[in-house]
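K.L.:
In our numbering, the protein residues as written are 174 to 299.
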Amino acid sequence: ALANDNSAITVTGYVDDLRPYLAQATAFISPLKIGAGIKNKVLEALAMGLPVVATPLSVDGIAVQHEREVLVADVEHMAETTLRLLGDAALQRQLSANGRTLIEARYSWAHVAEQYEELYAVVSKQ
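#1: Between Asp190, Asp261, Leu230, which has its C-alpha nearest Glu217's C-alpha?
#2: Below 8 Å on the Cβ atoms is my guess for Val237 versus Lys206; work out the distance and round it to an integer in Å.
#3: Compute the distance between the beta-carbons of Val215 and Val232, then report whether it is under 9 Å.
#4: Taking the continuous beta strand (DSSP E) assigned at Ala227, which residues delimit it?
#5: Could you tell me which residues DSSP pairs with Leu244 in its beta bridges?
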């Protein structure tokens with residue numbers, strides 16, 4: 174209903190590749206109430222430099238801090254938190270930069286490869 178009243182909101186349904194949509198977005202909102210495992214869509218949004226508003230479940234298992242890399246809000250406060258983000262360009266820039274830095278430092282393929290190399294080194298010594 175909201176999407177019908179606002180040309181700035183697009184509801185797509187399922188898409189194979191989020192990147193073209195993320196590239197056009199101002200922010201990424203993840204209002205998950207159920208789910209398990211690492212939330213790759215949040216990681217993708219952070220990697221693309223988008224500021225993120227997420228429920229605690231949306232960032233469970235991801236090494237982010239509220240107000241540093243993302244804004245965390247329960248579902249009841251998601252709209253209020255999103256409006257706060259959209260109205261604060263400095264906060265958008267801060268979250269974007271910090272989120273991208275986190276991804277490069279902890280979730281890049283190079284970092285993952287280093288972790289596996291360290292694991293293999295430990296295991297091979299036993």
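Just so you know, even glycine gets a beta-carbon here, dropped at the ideal spot from N, CA and C.
P.N.:
Inspection of the coordinates gives the following:
#1: Asp190
#2: In fact, because the Cβ distance is near 18 Å, the residues do not count as touching under 8 Å.
#3: yes
#4: 225-227
#5: Val226
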